[in-house]
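Structure first, then comments.
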Amino acid sequence: MDLVVGDAAKAASPAALQRPVAQIGLRVLTGIAAFLSFAIIFLMLFFLIAYAYPAIRFNGLAFFIDPIWNIGNQYGSGVTTRNGFSGAPGASFGALVFIYGSVITAILTMVVAVPLSLMVALALVFRVPRRIRPLANALVELMAGVPSVVYGLWGLVVLVPWIGRQFAPFVTAHFGFIPFLGGQAGSGNGLAASVFILALMVIPIMVATTRDVILAQSPAIFEASMALGSSTWQAMTRAVLPSVRSGVVASILLAFGRALGETMAVLMVCGAAVNVFPQNIFSPVNTIAAVIVSQLESALTDATGMAQRSLAELACALFVITLLVNIAARTIMRNADRREGRAA
Amino acid sequence: MTAVPTGLATRTIVSRSWWALAVACLVAVIGVLFFVFAFVIVQGIPALKPEIFFTPTHGIAGGLSNAIVGTLMLVVLGLIVVILVGLGTAIWTVELAPPWGQRVIRFMVDVLAGVPSIVVGYFLYVSLVEELGWGFSLVAGALALAIFMLPYVVRAADVALTNVPTMLKEGAVALGARPAMVVFSITFPYALPGILTGLLVATGIGLGETAPLIYTAGWSNYMPTLALTHSPVGYLTYVVWTYISQPFTESHQLAYAAAALLMIFVFVTNLVARSFVEYRLNKGR
Chain S
7 MDLVVGDAAK
17 AASPAALQRP
27 VAQIGLRVLT
37 GIAAFLSFAI
47 IFLMLFFLIA
57 YAYPAIRFNG
67 LAFFIDPIWN
77 IGNQYGSGVT
87 TRNGFSGAPG
97 ASFGALVFIY
107 GSVITAILTM
117 VVAVPLSLMV
127 ALALVFRVPR
137 RIRPLANALV
147 ELMAGVPSVV
157 YGLWGLVVLV
167 PWIGRQFAPF
177 VTAHFGFIPF
187 LGGQAGSGNG
197 LAASVFILAL
207 MVIPIMVATT
217 RDVILAQSPA
227 IFEASMALGS
237 STWQAMTRAV
247 LPSVRSGVVA
257 SILLAFGRAL
267 GETMAVLMVC
277 GAAVNVFPQN
287 IFSPVNTIAA
297 VIVSQLESAL
307 TDATGMAQRS
317 LAELACALFV
327 ITLLVNIAAR
337 TIMRNADRRE
347 GRAA
Chain W
6 MTAVPTGLAT
16 RTIVSRSWWA
26 LAVACLVAVI
36 GVLFFVFAFV
46 IVQGIPALKP
56 EIFFTPTHGI
66 AGGLSNAIVG
76 TLMLVVLGLI
86 VVILVGLGTA
96 IWTVELAPPW
106 GQRVIRFMVD
116 VLAGVPSIVV
126 GYFLYVSLVE
136 ELGWGFSLVA
146 GALALAIFML
156 PYVVRAADVA
166 LTNVPTMLKE
176 GAVALGARPA
186 MVVFSITFPY
196 ALPGILTGLL
206 VATGIGLGET
216 APLIYTAGWS
226 NYMPTLALTH
236 SPVGYLTYVV
246 WTYISQPFTE
256 SHQLAYAAAA
266 LLMIFVFVTN
276 LVARSFVEYR
286 LNKGR
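In order, the protein sequence lines correspond to chains S and W. Per the working numbering, the very first residue in the first sequence carries number 7; after that it's consecutive. Per the working numbering, the very first residue in the second sequence carries number 6; after that it's consecutive.
This is the structure in structure tokens:
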């Protein structure tokens, strides 16, 4: 079967669409496109791991347990060699601070965003008058599409100064006895600002998905619960919400993945902590995604290239974590769809 | 039996208070988000002076012409790639794939949607910018956007193509149409509004992305050239990110102007996308 791409292109005129070559062309070209979409994730994993391999050997287990990130002395002579790979003298690429920072910001974001999103979704479905509901839905979707640098900009100019000057001093002074709320009030850049901005960014996404699964659920569940004497709130939270539990859990996991991977907005307000763990909710933090951007310039100065490769190892770590979270979310969603008899 | 009537009253009060709290949450969230947008627009609109559309950035000030043109070039090139690959994928998945193929593609595309944009950026940095030696370039940046937009386009096209009535296709087949004819003269035109909506949503996402471009498109103070490789390209989100941290009022003005422009772009693509949805609904009636 000699197929030339030119033949398929020629076949695009209406009558030519019936020719055998057009059928083969359609199959081959769309097949290639589908294969690309399928293969891109494996390609990414392969390239990142291959590039990061020297760093993986050089850093060893210290990558996961060492809190010190130091690209080493760039002006000294000689190199440090471990497992056959060399970095600058004194180089230490421990990612523990960043891994911890990513996980703690994402978890705190969920603690703030999940109850809020559920409440907002319930209010949107049951308490917003039918006439203005399309407007409210459009607003939610619009919010989900706003660029993250715009949130970051607002965070940097409005939120950070407010936290630094008013909120943090107030909280540390009056609620300092509660763990993680006392101590240094800081400048405003830090965990609290990151969590606030991330929550703003994931709430619209979670509201949209939760609203959709509630609306897709049969009204019979709500009505049956009401018939048994529930109040509307009880019917919603004890009958309808449990029945769409897996959809809600999946949307939480997707939002969690998104919070883990968000880069720019966090980068602009997190305070870019290096080598130090957050002491309270106002301490500077850093996440894997943010550090990959903020450490680029210093990594490029590393003549041994090990700093760049260690950044690639960070990207691998983030990739694997988010892949696992997303696969879990998709699997839950798919199983729920099958169990509840909806088309996937 | 215990005292039902009193229980009823308490329950109603509890229910009403929870609903009140839910509505309060709704108002609070919308209020804060509205405050964010209002702030950016109020700060940005006065900064949108006509001359910034015609002068490139230089150092800490200047205009935004290079960033605007660069953003558009990156997004348009990314869209071309994503239209070819994304629509091809959707057509194969819906029209030609065996059931296992459909499952695999849909799953992989869903998973791709969750890959952090910075990972996509670093992957292309490693492969194109470093290993292939293309340097910070238009192609690397556009591909980064294309990979990031791909899941949105495939999903929208998948849904749009799946929703084409089977009867239409069967009618065409009964009249002797072969697969290519069915796809291009029946399925595709019918699904076009849905596909366009997906493309517009993807455009809005591409316009607002920053993280994957830092490592691929780089940044340049000059007007982008048509060079595909070895020539960094400026873009609007970079201006917002870096210029707001400079200690100069002129830089802040540029950052606000860029942010306002981005918001306007996103609002417009969103509005047009919604009007496509409305159009489709009206046609369906």
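We treat Cβ as the ideally placed atom computed from N, Cα and C, and that holds for glycine.
- N275 (chain W) carries a helical assignment under DSSP once its states are collapsed to helix, strand and coil.
- For A27 (chain W), the nearest CB of chain S lies under 8 Å from its own CB, placing it at the interface with that chain.
- Between Q80 (chain S) and chain W, the shortest Cβ-Cβ separation is not below 8 Å.
- No Cβ-Cβ contact shorter than 8 Å links A222 (chain W) with F153 (chain W).
- Residues of chain S whose Cβ lies closer than 8 Å to the Cβ of L117 (chain W) are, in chain order, S43, I46, I47.
- For G84 (chain S), no alpha helix (DSSP H) encloses it, and the DSSP letter there is neither H nor E.
- Using a Cβ distance threshold of 8 Å, V245 (chain W) and A263 (chain W) count as a contacting pair.
- S:P290 is the residue among S:T36, S:P290, S:A174 whose C-alpha sits nearest the C-alpha of N281 (chain S).
- Contact between the region 143-153 of chain S and the region 182-193 of chain S is absent, with fewer than three C-beta pairs closer than 8 Å.
- The residue from S:N332, S:R244, S:S316, S:A334 with its alpha-carbon nearest to that of L67 (chain S) is S:S316.
- If you check the CB distance, Y220 (chain W) and L129 (chain W) come in under 8 Å.
- For F202 (chain S), the uninterrupted alpha helix (DSSP H) run begins and ends at 197-222, by DSSP.
- Where S92 (chain S) is concerned, the enclosing beta strand (DSSP E) starts and stops at 91-93.
- At a cut-off of 8 Å between C-beta atoms, Y157 (chain W) does not count as an interface residue with respect to chain S.
- The beta carbon of T115 (chain S) does not come within 8 Å of any beta carbon belonging to chain W, so the residue lies off that interface.
- The residue among S:A94, S:F173, S:L128 with its C-alpha nearest the C-alpha of F228 (chain S) is S:L128.
- Between W139 (chain W) and chain S, the shortest Cβ-Cβ separation is not below 8 Å.
- Straight across, the Cα-Cα distance linking R111 (chain W) with A119 (chain S) is about 28 Å.
- The beta carbon of A97 (chain S) is closer than 7 Å to those of N76, I77, G78, T86, M312 in its chain, skipping five residues each way along the sequence.
- Taking 8 Å as the cut-off, the Cβ atoms of A296 (chain S) and C276 (chain S) count as close.
- For M78 (chain W), the uninterrupted alpha helix (DSSP H) run begins and ends at 70-96, by DSSP.
- Contact note: F112 (chain W) reaches chain S through R336, using a C-beta cutoff of 7 Å and chain order.
- Judged by their CB atoms, F53 (chain S) and I294 (chain S) are not nearer to each other than the 8 Å cut-off.
- Judged by pairs of C-beta atoms under 8 Å, the region 154-165 of chain S touches the region 37-47 of chain W, as three or more such pairs exist.
- Counting every other CB atom within 10 Å of its CB across the protein chains shown gives E303 (chain S) a total below 16, marking it as exposed.
- The Cβ of N275 (chain W) sits closer than 8 Å to at least one Cβ of chain S.
- The Cβ neighbour count for S122 (chain W), taken over all protein chains shown within 10 Å, is at least 16; the residue is labelled buried.
- Judged by their CB atoms, T60 (chain W) and G68 (chain W) are nearer to each other than the 8 Å cut-off.
- In this structure, the straight-line span from the alpha carbon of T274 (chain W) to that of T242 (chain W) is close to 17 Å.
- Remark: C-beta atoms of A52 (chain W) and Q251 (chain W) do not approach each other more closely than 8 Å.
- F228 (chain S): member of the alpha helix (DSSP H) spanning 225-233, first to last residue.
- Between A207 (chain W) and V158 (chain W), the C-beta gap is smaller than 8 Å, which places the two residues in contact.
- Within the same chain, Cβ atoms closer than 7 Å to the Cβ of P95 (chain S) are found at G78, N79, G82, G84, V85, T86, the five residues on either side in sequence being excluded.
- Counting of Cβ neighbours within 10 angstroms places N332 (chain S) among the buried residues, the total reaching 16 or more.
- By the 16-neighbour rule on beta-carbons within 10 angstroms, E100 (chain W) is buried.
- With fewer than 16 other CB atoms across the displayed protein chains lying within 10 angstroms of its CB, N341 (chain S) is exposed.
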